[in-house]
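*Asks:* Protein chains in written order, with full-length UniProt numbering: chain A, 1 to 267; chain B, 1 to 267. All C-beta atoms in this analysis are idealised placements derived from N, C-alpha and C, irrespective of residue type, glycine included. No experiment lies behind these values; they were computed from the predicted model shown.
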Amino acid sequence: MSKRQKARVTRGIQYAVLLVVVLLLALVADWPAIIDGFFNLEVAAAQFPDVITVALLNTALYTALGFALGLGLALVLALMRLSSVGPYRWISGAYIEFFRGLPALLVFLAVGIGVPTAFEVVLDRNVSIMIALGLVGSAYMAETIRAGIKAVPKGQIEAARSLGMSPTRTMITVVIPQAFRIILPPLTNELILLTKDSSLAFLLGSTLDQQELAQFGRQALTDFKSMTPVLVVGLCYLIITIPLSVLQQRLERRFGGAVPGGQGGGA
Amino acid sequence: MARRTTTRAVALIPALALATAVAGCGGGGGEAQGVPIVNEGTLTTCTHLPYEPFQFRDGREIVGFDVDLGKAIARDLGVEQQIIDTPFETIQSGQDLNAGKCDMAAAGMTINEVREENFDFSDPYFDATQALLVPKGSGIAGFEQLRGKRLGIQNATTGAEYAEANAKPAGVELVGFEDLGLLLEALKTQQIDAVINDNGVLYDYVKRNPELEVSTEFDTGEQYGIGVRTGNTQMREFINQSLQKLKESGEYDKLYQKWFDKLPDEN
Chain A
1 MSKRQKARVT RGIQYAVLLV VVLLLALVAD WPAIIDGFFN LEVAAAQFPD
51 VITVALLNTA LYTALGFALG LGLALVLALM RLSSVGPYRW ISGAYIEFFR
101 GLPALLVFLA VGIGVPTAFE VVLDRNVSIM IALGLVGSAY MAETIRAGIK
151 AVPKGQIEAA RSLGMSPTRT MITVVIPQAF RIILPPLTNE LILLTKDSSL
201 AFLLGSTLDQ QELAQFGRQA LTDFKSMTPV LVVGLCYLII TIPLSVLQQR
251 LERRFGGAVP GGQGGGA
Chain B
1 MARRTTTRAV ALIPALALAT AVAGCGGGGG EAQGVPIVNE GTLTTCTHLP
51 YEPFQFRDGR EIVGFDVDLG KAIARDLGVE QQIIDTPFET IQSGQDLNAG
101 KCDMAAAGMT INEVREENFD FSDPYFDATQ ALLVPKGSGI AGFEQLRGKR
151 LGIQNATTGA EYAEANAKPA GVELVGFEDL GLLLEALKTQ QIDAVINDNG
201 VLYDYVKRNP ELEVSTEFDT GEQYGIGVRT GNTQMREFIN QSLQKLKESG
251 EYDKLYQKWF DKLPDEN
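1) What would DSSP say about B:I239, mapped onto helix, strand or coil?
2) Determine which residues share a DSSP beta bridge with B:A194 and list them.
3) Which residues, in order along the segment 150 to 184 of chain B, keep a beta-carbon less than 7 angstroms from a beta-carbon of chain A?
4) May I have the straight-line CA-CA distance separating A:L238 from A:A64, to the nearest angstrom?
5) Note down the Cα distance separating B:D261 from B:V35, rounded to an integer number of angstroms.
6) Quick one: what does DSSP say B:C102 is sitting in, helix, strand or coil?
7) Output the distance between the C-alpha atoms of B:H48 and A:V22, rounded to the nearest integer angstrom.
8) Within 8 angstroms, do at least three Cβ pairs link the segment 240 to 254 of chain A to the segment 144 to 155 of chain A?
9) Please list the terminal residues of the continuous alpha helix (DSSP H) segment that includes A:V17.
10) Which residues, in order along the segment 88 to 103 of chain B, keep a beta-carbon less than 7 angstroms from a beta-carbon of chain A?
11) Please determine if the segment 88 to 95 of chain B and the segment 63 to 71 of chain B are in contact, where contact requires at least 3 C-beta pairs separated by less than 8 angstroms.
12) Suppose contacts are defined by Cβ-Cβ distances below 7 angstroms. Is B:D120 in contact with B:C46 by that definition?
13) So what does B:Y51 bridge to, in DSSP terms?
14) Whole angstroms are fine: how far does the CA of A:T195 sit from the CA of A:P185?
15) Taking only beta-carbon atoms, is B:I140 less than 7 angstroms away from chain A?
16) Under 8 angstroms: do the segment 31 to 45 of chain A and the segment 187 to 204 of chain A share three or more Cβ pairs, one atom per stretch?
17) Residues of chain A with a CB under 8 angstroms from the CB of B:P36: which are they?
18) Does the Cβ-Cβ distance between B:L183 and B:V201 come in under 7 angstroms?
19) Entirely within the segment 132 to 200 of chain A and at least 4 residues each: give me those alpha helix (DSSP H) ranges in chain order.
20) Helix, strand or coil for A:N126, going by three-state DSSP, please let me know.
21) Please report whether the beta-carbon of B:R229 lies at a distance below 7 angstroms from any beta-carbon of chain A.
22) Considering Cα atoms alone, identify which of B:A141, B:A170, B:S138 and B:L180 is closest to B:G152.
23) Could you tell me whether the segment 220 to 236 of chain A touches the segment 97 to 106 of chain B, where touching means 3 or more Cβ pairs closer than 8 angstroms?
24) Quick check: what's the CA-CA separation for A:I13 versus A:F108?
25) Roughly how many whole angstroms lie between the Cα atoms of B:S215 and A:V230?
26) For chain A, check one thing: does any of its Cβ atoms lie closer than 7 angstroms to the Cβ of B:D85?
27) Output needed in chain order: residues of the segment 116 to 138 of chain B with a Cβ under 9 angstroms from some Cβ in chain A.
28) Is the Cβ-Cβ distance between A:F99 and A:A139 less than 7 angstroms?
29) Determine the extent of the beta strand (DSSP E) in which A:D36 is found, giving its start and end residues.
30) Assuming A:G112 and A:L203 form a contact by the criterion Cβ under 8 angstroms, report the distance between their Cβ atoms to the nearest whole angstrom.
31) Tell me the DSSP bridge mates of A:F67?
32) Along the chain, which unbroken stretches of the alpha helix (DSSP H) at least 4 residues long are found entirely within the segment 93 to 123 of chain A?
33) Pick from B:F54, B:D103 and B:G176: whose alpha carbon is nearest that of B:T233?
The structure is reproduced here in structure tokens:
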């Protein structure tokens, strides 16, 4: 058998295996139960408009709050990590390892219950969510931003310094803007992760108006004794995350690899 | 000078954002009829959904026996009731009350010693006992028939405790679930062989699911109480007075009839 034939046979076998698996799944599955349990149109219709006007909006709001705080914190952490002052580096290093290593669920419990207990303050629910998601997100984003800053060519810094800019000014007006161009794709990725982590907001307690997608779907699962609401909220998550993924791929194609001004010239 | 301001401004952005958010939502608190409340103009009640017929979602509303009692108490206070759905673990550990998330916790919750340590209970307002829910005709009437099988429990409940003490030694495998909805769903999909929970909710569920039956009750002689933060005597006494008034006026019996289709003494 020639190499080409061999390749064709192997590919044929792969397709056949795939087909058999799909057929088996289709035969084994309980179709009436699936249609009734997952695609009950009446139940699906009952989810609207609240699944959009309440749940989806809340998910987007919580994610945006967490991302905003996380990005701000991450920038500070990244600069601390790159600082020449030792304690700054240690603090930010410890912070990053700490929050990157903990499940987000524990962070939510710590913020929602630990903080009010320890400081005798009552935090607004949105603020608690913002802090919890921000803490988790910032640990990941700090590392991304640091990598981005390091990826800006040395020549850029040298050029700025030789123009008489101070190190701080160089950082703010020359390095950070270029770093952000480089790290846009991984930041989008972090936004997707935070969208999903926002489902942990249920740990902080919620009124019906404060429910986000996952909690909304879980409740409706019990109300309607059907998986359909779960499918509906799943699709809602995809409405948010798939466009973000597409955006990420676009950005990657545009900025990925090619470092702006790599030759020491203008961007 | 200008340069330094820019630097500082950048470093301050996250801090400022946080401070504004906290300030914007802080404050709150007040009192009604001399009783301190956490949110001005509302009686905030923590509960754990779904726990039909005590508290569950009906369309855009949370309804149920406990909900109606809370409404009556709020009415006596001259405020509206607002309900917050929160994990049962943080209710029974007293953390939701300590964190100032709510004024009282009404969650079909049995008065017991462990919980008494975490917060203060009102006078008892409901008699309950543990019961066993099984598929009809399964022949499971006690823990002996469940040996080697799987019994579903709801995490952090008195039923779970009872099963730990009595079913586990009898060789029954315990499977914990986060809420009643997931627990009952698991029984329906045969992931577990039986469910232990309070009689009130199980009898209610059987009404709508004739393929299941309550095969036995374990005489645990439990009583439900409403929780308030430790030392919040004013709130506790107000709730007791309000409950007393409800019983004397016959409104309590009416509510009981509404949710359980019978009168309290017929239990």
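*Replies:* Put simply:
1) helix
2) B:L151
3) G181
4) 16 angstroms
5) 34 angstroms
6) coil
7) 41 angstroms
8) no
9) K3 to V28
10) T90, Q95, D96, N98, A99, G100 and K101
11) no
12) no
13) B:Q55
14) 16 angstroms
15) no
16) no
17) In chain order: nothing, as chain A lies at least about 12 angstroms away.
18) no
19) 154 to 162 and 176 to 197
20) helix
21) no
22) B:L180
23) no
24) 49 angstroms
25) 32 angstroms
26) yes
27) none
28) yes
29) No beta strand (DSSP E) holds A:D36; the alpha helix (DSSP H) holding it covers W31 to F38.
30) 6 angstroms
31) In DSSP, A:F67 forms no bridge with anything.
32) 104 to 109 and 115 to 119
33) B:D103
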